[in-house]
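K.L.:
Residue numbering for the sequence shown follows numbering that gives the first Met the number 0, beginning at 0 and increasing consecutively.
We put the CB at the ideal spot given by N, CA and C, even for glycine.
For clarity, every value in this text was computed on a predicted model and none was experimentally measured.
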Amino acid sequence: MRKLFKYLKPFVTGMLLVIALLFGQALCDLNLPNYMSDIVNVGIQQSGVEHAAPEALSWEGVALLRFFMNDDEKALVDRAYVEVIAADADENGVPYTDRYPKAGGTFLLLRDDTNQAELDEAFGTATWALFTMVRDMQAQSGGASGGLMAEGAEAEDLDIALLWRGLQPVLSQLPPAALLAAHDTAAEADPMLIAQSGLTLSRAFYAELGADLGGMQSGYIIHIGLLMLLIALGGGLATVLVSFFASRIAAGVARDLRRAVFAKVSAFSNAEFDKFSTASLITRSTNDITQIQMFLGFGMRLLFYAPIMVTGGVIMAVRKSASMAWILGLACVLLLGLMLIVFVVAMPKFKIMQKLVDKLNLVSRESLSGLMVIRAFGAEAHEKARFAEANGDLAKTSLFVNRVMVVMFPVMMLIMNGVSLFIVWTGAHQIADAAIRVGDMMAFIQYAMQVIMSFLMISMIFIFVPRAAAAAARIAEVLATEPTIRDPEQPKTFDGGKRGLVEFEHVNFRYEGAEEDALHDITFTALPGQTVAFIGSTGSGKSTIANLLLRFYDVTGGQVRLDGLDIREAARNDLRQRIGYVPQQGVLLSGTVASNLKYGAPDISEADMEAAATVAQAAEFITEKEEGYQTDIAQGGTNVSGGQKQRLSIARALAKKPEVFLFDDSFSALDFKTDRALRRALGATVDGGTVLLVAQRVSTIMDAERIIVLDEGRIVGQGTHRELLKSCPQYYEIASSQLSKEELA
Ligand code: ADP
Ligand code: MG
Numbered sequence: 000m001r002k003l004f005k006y007l008k009p010f011v012t013g014m015l016l017v018i019a020l021l022f023g024q025a026l027c028d029l030n031l032p033n034y035m036s037d038i039v040n041v042g043i044q045q046s047g048v049e050h051a052a053p054e055a056l057s058w059e060g061v062a063l064l065r066f067f068m069n070d071d072e073k074a075l076v077d078r079a080y081v082e083v084i085a086a087d088a089d090e091n092g093v094p095y096t097d098r099y100p101k102a103g104g105t106f107l108l109l110r111d112d113t114n115q116a117e118l119d120e121a122f123g124t125a126t127w128a129l130f131t132m133v134r135d136m137q138a139q140s141g142g143a144s145g146g147l148m149a150e151g152a153e154a155e156d157l158d159i160a161l162l163w164r165g166l167q168p169v170l171s172q173l174p175p176a177a178l179l180a181a182h183d184t185a186a187e188a189d190p191m192l193i194a195q196s197g198l199t200l201s202r203a204f205y206a207e208l209g210a211d212l213g214g215m216q217s218g219y220i221i222h223i224g225l226l227m228l229l230i231a232l233g234g235g236l237a238t239v240l241v242s243f244f245a246s247r248i249a250a251g252v253a254r255d256l257r258r259a260v261f262a263k264v265s266a267f268s269n270a271e272f273d274k275f276s277t278a279s280l281i282t283r284s285t286n287d288i289t290q291i292q293m294f295l296g297f298g299m300r301l302l303f304y305a306p307i308m309v310t311g312g313v314i315m316a317v318r319k320s321a322s323m324a325w326i327l328g329l330a331c332v333l334l335l336g337l338m339l340i341v342f343v344v345a346m347p348k349f350k351i352m353q354k355l356v357d358k359l360n361l362v363s364r365e366s367l368s369g370l371m372v373i374r375a376f377g378a379e380a381h382e383k384a385r386f387a388e389a390n391g392d393l394a395k396t397s398l399f400v401n402r403v404m405v406v407m408f409p410v411m412m413l414i415m416n417g418v419s420l421f422i423v424w425t426g427a428h429q430i431a432d433a434a435i436r437v438g439d440m441m442a443f444i445q446y447a448m449q450v451i452m453s454f455l456m457i458s459m460i461f462i463f464v465p466r467a468a469a470a471a472a473r474i475a476e477v478l479a480t481e482p483t484i485r486d487p488e489q490p491k492t493f494d495g496g497k498r499g500l501v502e503f504e505h506v507n508f509r510y511e512g513a514e515e516d517a518l519h520d521i522t523f524t525a526l527p528g529q530t531v532a533f534i535g536s537t538g539s540g541k542s543t544i545a546n547l548l549l550r551f552y553d554v555t556g557g558q559v560r561l562d563g564l565d566i567r568e569a570a571r572n573d574l575r576q577r578i579g580y581v582p583q584q585g586v587l588l589s590g591t592v593a594s595n596l597k598y599g600a601p602d603i604s605e606a607d608m609e610a611a612a613t614v615a616q617a618a619e620f621i622t623e624k625e626e627g628y629q630t631d632i633a634q635g636g637t638n639v640s641g642g643q644k645q646r647l648s649i650a651r652a653l654a655k656k657p658e659v660f661l662f663d664d665s666f667s668a669l670d671f672k673t674d675r676a677l678r679r680a681l682g683a684t685v686d687g688g689t690v691l692l693v694a695q696r697v698s699t700i701m702d703a704e705r706i707i708v709l710d711e712g713r714i715v716g717q718g719t720h721r722e723l724l725k726s727c728p729q730y731y732e733i734a735s736s737q738l739s740k741e742e743l744a
């Protein structure tokens, strides 16, 4: 099967491109939930405020927090902010008061080159320390500290100026060590809480300066929304491109495979055709290649995309909430278990299905091609039953497989929805404890869905891969079969001077798998200008001799020579070019009468073609037809009679003007009169060529220079008609059954 990989080679760049695009697609798909959680967390819940350290800040605000900062943090803040005059204009010429209408005198503006993360942490910690202290104070004084911070206070309710006025006198009384201790305790708190409280105060800072919080919120949501749209578009584009390239690759590989299989099968000798049935060869080059095409076009995508999504989805989900990762783990284990059960149950059936398709093809092919015989023998019922059985077996198996799949999908859905429910349940508690944010939980659900969906895809892969593998193995089997009959490396050419000298020397032959030799020790010579006839009962090996001379099979012992050269040392085309073969069953190819006659010699003139037809006694019926030589011949020559077919086959061989004429029982479908006329005309045409004539009728061969009598693959008599009548009892027996007393004498 590895042999098939070479057919992927021309498409390696395309495949790498597909994999890269799949990566891109996965990246897009994995990022969308992240942005969605940003919209929920920041856009909705924090009014679009992203950072604990705001872009603009009043003096009071920063002074309030500086109480709870250590020296490093204070220095950081000093470096991060620059003082500006509210009435001035920024670098774009817009007055600061446009954005911060309530800013009076001077205020602080964030520099561009600040380390925002560090600053946010400093602000968050200080805020958390401040909040903790205020809560403690409220608790001690029984909530009498002026209602500075009501439980669940909204950002807009927090008034920095009010806080400043209320707290500044108290805080400035406290010893620095106490404030620092409050800071250090706060630094130990949950980073989530620190970040959250920092954001709350940040909004209050903006509100104090009169910033348009609503505008900031919608601005943030629109910004992220557009980003999501762009990513979704990117993902969509990647999907389209992947389909485009994957389809091209799949179709290309399928085309190459079909070409290779066809070329291989064309080179097969009869021995290989005996091994593979035609039905199976057809299934292999159509259905099996289609399976591979489907796998390449669709399965391969899943094969790369699903694992990326599983890995990426798990990583992203754990980053969103490590505390809920176990739910995902549990879901994965459940899904893997389910898939394992399904595949143990269904997988063997998939393999069986392939065989059943083969059998169905075989049965239907046989029934259809033998329909006439089936009808003539009234065996339709039997054939119907045979077909129904093959059909039913296939239906039963595919139904079973489908049922298993049908059960699997709802169970997967159940697991999927169960997981969502579980995440919401656990997430809700964690949100209440401020351990995670709503958006993170939502993103976690989406990642979990992506992971589970990817598992579904992987289960599809399990359907595609074994099928494609089985198909690939069957195709590889054909491609790996080397024709037993091959041209030699350096073919020799025939000595044209000898003009059709045919020699069989001690030839033995056995068909592959046969118990017994079909020919035993056959020795004869046919000289140019001579007619050598073969006669014998059916099965005596006459056609086998023809097959050997044409090198459809190779002899198992002895030698066949043409013009003194062992035919195995010549190219098969060269050999067959010199032989005008008329098969036992006349076979015509679809086209016209003319195209069939010129099949062996496309370049001959019309006159030569018509002459050949005349000799073959075919001219008469051809010219009687309306379109003459342009009359259409249906596929398999079904629109001419058996005798006409034979005459056309003979004319086709004659038109070639070969050295050796080989008639395999070609006159059997002709009436006596035509037979005689044909033989008489033939005598003049063969023109010094060798004629090998297989016949059933003694009258056809009576005039031959030599007659060879075959019986069970052995030569039992050789000579002229007269000689054989006396010397060969088998010949006498055949002759006496066909000829009158006078002719026998
Ligand atoms: P004839 O043409 O004299 O009627 P054949 O040469 O066709 O006989 O066949 C000779 C013997 O070889 C027969 O016994 C036949 O069954 C056997 N035979 C012919 N073709 C094949 C084949 N493709 N595979 C196996 N055995 C074959
Ligand atoms: Mg025969």
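Going along the chain, which residues put their C-beta within less than 7 Å of some heavy atom in ligand 2?
P.N.:
Cβ atoms closer than 7 Å to ligand 2 belong to THR537, LYS541, SER542, GLN583, ASP663, ASP664, VAL693.
K.L.:
Could I get the ranges of all uninterrupted beta strand (DSSP E) runs contained in the stretch 542-574, with 3 residues as the minimum, in chain order?
P.N.:
If we require 3 residues or more, the beta strand (DSSP E) runs fully inside the stretch 542-574 come out as 556-561.
K.L.:
What does the alpha-carbon distance come out to for the pair LEU548 and VAL592?
P.N.:
Residue mapping note: residue 548 aligns to position 549 of the sequence shown, counting from 1. Residue mapping note: residue 592 aligns to position 593 of the sequence shown, counting from 1. Cα to Cα, the separation comes out at about 27 Å.
K.L.:
Considering only heavy atoms of ligand 1, does any lie closer than 6 Å to the CB of ALA532?
P.N.:
Working through the sequence shown from its first residue, we reach residue 532 at position 533. The answer is no for ALA532.
K.L.:
Taking only beta-carbon positions, decide if MET352 is within less than 7 Å of chain B.
P.N.:
Among the chains in the structure shown there is no chain B, since it carries only a single protein chain.
K.L.:
Run through DSSP, which three-state label would GLU605 get?
P.N.:
In the sequence shown, the residue the question calls residue 605 occupies position 606. If DSSP states are grouped into helix, strand and coil, GLU605 belongs with the helices.
K.L.:
Between which residues of its own chain and ALA253 is the CB-CB distance below 6 Å, once the five residues before and five after are set aside?
P.N.:
Residue 253 sits at position 254 when you count from the first residue of the sequence shown. Contacts found: ILE288, GLN292.
K.L.:
Pick out whichever of VAL169, ARG550, THR285 has its Cα sitting closest to the Cα of ALA250.
P.N.:
Residue numbering aside, residue 250 sits at position 251 when the sequence shown is read from its first letter. Comparing Cα-Cα distances from ALA250 to each of VAL169, ARG550, THR285, the minimum goes to THR285.
K.L.:
Compute the Euclidean distance between the alpha carbons of ALA433 and ASP77, then round it to the nearest angstrom.
P.N.:
As a first step, residue 433 must be located in the sequence shown, where it is residue number 434. As a first step, residue 77 must be located in the sequence shown, where it is residue number 78. Going by the C-alpha atoms only, they are around 31 Å apart.
K.L.:
Quick one: grab the DSSP three-state call for ASN507.
P.N.:
Walking along the sequence shown from the start, residue 507 turns up at place 508. Reduced to three states, the DSSP call for ASN507 is strand.
K.L.:
In whole angstroms, give me the CA-to-CA distance for LEU587 and ILE281.
P.N.:
Counting from one through the sequence shown, the residue named residue 587 turns up at place 588. Counting from one through the sequence shown, the residue named residue 281 turns up at place 282. Approximately 21 Å, taken between the alpha carbons.
K.L.:
Are the beta-carbon atoms belonging to LYS497 and ASP562 less than 7 Å from one another?
P.N.:
Within the sequence shown, numbered from 1, the residue matching residue 497 stands at position 498. Within the sequence shown, numbered from 1, the residue matching residue 562 stands at position 563. Yes. Within cutoff.
K.L.:
Quick one: grab the DSSP three-state call for HIS428.
P.N.:
For the purposes of this step, residue 428 is taken as residue 429 along the sequence shown, with counting starting at 1. DSSP places HIS428 in helix when its eight states are reduced to three.
K.L.:
Are the CB atoms of LEU709 and VAL604 within a distance shorter than 7 Å?
P.N.:
Against the sequence shown, residue 604 aligns to sequence position 605. Against the sequence shown, residue 709 aligns to sequence position 710. The sequence given here has Ser at residue 604, not Val. No, these two residues do not count as a Cβ contact at 7 Å.
K.L.:
Within 6 Å: the Cβ of ALA668 and any heavy atom of ligand 1?
P.N.:
Numbered from its first residue, the sequence shown carries residue 668 at position 669. Because no heavy atom of ligand 1 lies under 6 Å away, the Cβ of ALA668 does not count as near it: no.
K.L.:
How close, in whole Å, do the beta carbons of GLY528 and GLY682 come, if the pair is a contact with beta carbons under 8 Å?
P.N.:
Here residue 528 refers to the residue found at position 529 when the sequence shown is read from its first residue. Here residue 682 refers to the residue found at position 683 when the sequence shown is read from its first residue. Actually they do not touch by this definition, with Cβ atoms about 11 Å apart.
K.L.:
Can we say the stretch 513-526 touches the stretch 487-501, given the rule of at least three CB pairs closer than 8 Å?
P.N.:
Enough Cβ pairs lie closer than 8 Å, so yes.
K.L.:
Going by DSSP in three states, TYR730 sits in which element: helix, strand or coil?
P.N.:
The residue you call residue 730 lines up with position 731 of the sequence shown. Correct three-state label for TYR730: helix.
K.L.:
List the residues that DSSP assigns as beta-bridge partners of GLN717.
P.N.:
Your numbering for residue 717 matches position 718 in the sequence shown. According to DSSP, GLN717 bridges with ILE707.
K.L.:
Quick one: what's got a C-beta closer than 7 Å to ARG575's C-beta in the same chain, skipping five residues either side?
P.N.:
Translated into positions along the sequence shown, residue 575 becomes position 576. Only LEU549 meet the Cβ criterion.
K.L.:
Under the three-state reduction of DSSP, which class applies to LYS491: helix, strand or coil?
P.N.:
Sequence index remark: in the sequence shown, residue 491 carries index 492 (1-based). Of the three classes helix, strand and coil, the one that applies to LYS491 here is strand, per DSSP.
K.L.:
At which residues does the alpha helix (DSSP H) containing ALA668 begin and terminate?
P.N.:
In the sequence shown, residue 668 corresponds to position 669, counting from 1. ALA668 -> no alpha helix (DSSP H), and no H or E assigned at all.
K.L.:
Could you tell me which of LEU15, SER46, GLU625, ILE484 sits nearest to LYS263, measuring between CA atoms?
P.N.:
Along the sequence shown, read from residue 1 onward, the residue named residue 263 stands at position 264. Taking only the C-alpha atoms, the option nearest LYS263 is ILE484.
K.L.:
Counting along the chain, where does the beta strand (DSSP E) carrying GLY579 start and finish?
P.N.:
Within the sequence shown, residue 579 is the residue found at index 580, counting from 1. Looking at the DSSP string, the run of the beta strand (DSSP E) that includes GLY579 is 578-581.
K.L.:
If I'm right that ILE706 touches LEU724 with Cβ under 8 Å, what's the distance once you round it to whole angstroms?
P.N.:
One-based indexing of the sequence shown puts residue 706 at position 707. One-based indexing of the sequence shown puts residue 724 at position 725. Going by Cβ atoms, the distance from ILE706 to LEU724 rounds to 10 Å, so no, they are not a contact pair.
K.L.:
Between ALA389 and VAL372, how many whole angstroms is the CB-CB distance? I'm expecting something under 8 Å.
P.N.:
In the sequence shown, counting from the first residue as 1, residue 389 sits at position 390. In the sequence shown, counting from the first residue as 1, residue 372 sits at position 373. So it is not a contact: roughly 19 Å between Cβ atoms.
K.L.:
In this structure, how does DSSP classify ILE435 when only helix, strand and coil are distinguished?
P.N.:
On the sequence shown, position 436 is the one that residue 435 refers to. It is coil, neither helix nor strand.
K.L.:
Quick one: is GLY377 buried, meaning 16 or more other Cβ sit within 10 Å of its Cβ, or exposed?
P.N.:
The residue you call residue 377 lines up with position 378 of the sequence shown. Result: exposed.
K.L.:
Taking only heavy atoms of ligand 1 into account, decide whether any of them is closer than 6 Å to the Cβ of SER268.
P.N.:
As a position in the sequence shown, residue 268 is number 269, starting the count at 1. No, the beta carbon of SER268 sits no closer than 6 Å to any heavy atom of ligand 1.
K.L.:
Less than 7 Å separating the beta-carbons of SER279 and PHE443?
P.N.:
Position 280 of the sequence shown holds residue 279. Position 444 of the sequence shown holds residue 443. Contact flag unset, no.
K.L.:
CB-CB under 8 Å to ALA479, same chain, minus the five flanking residues each way: which ones, in chain order?
P.N.:
Within the sequence shown, numbered from 1, the residue matching residue 479 stands at position 480. Around ALA479: LYS2.
K.L.:
Please determine, among ARG364, LEU75, ARG257, the residue with the shortest C-alpha to C-alpha distance to PHE386.
P.N.:
The sequence position of residue 386 within the sequence shown is 387, counting from 1. Among ARG364, LEU75, ARG257, the Cα nearest to that of PHE386 is on ARG364.
K.L.:
Between which two residues does the alpha helix (DSSP H) carrying ILE755 extend?
P.N.:
Beyond the ends of the chain as shown, which are 0 and 744, falls residue 755; an answer cannot be given.
K.L.:
Looking only at its own chain, which residues have a Cβ that is under 6 Å from the Cβ of GLN634, when we skip the five neighbours before and after it?
P.N.:
Translated into the one-based positions of the sequence shown, residue 634 becomes position 635. So the qualifying residues of the chain are SER589.
K.L.:
Going along the chain, which unbroken runs of the alpha helix (DSSP H) with 4 or more residues stay wholly within the stretch 42-130?
P.N.:
You should have 58-65, 70-79, 95-98.
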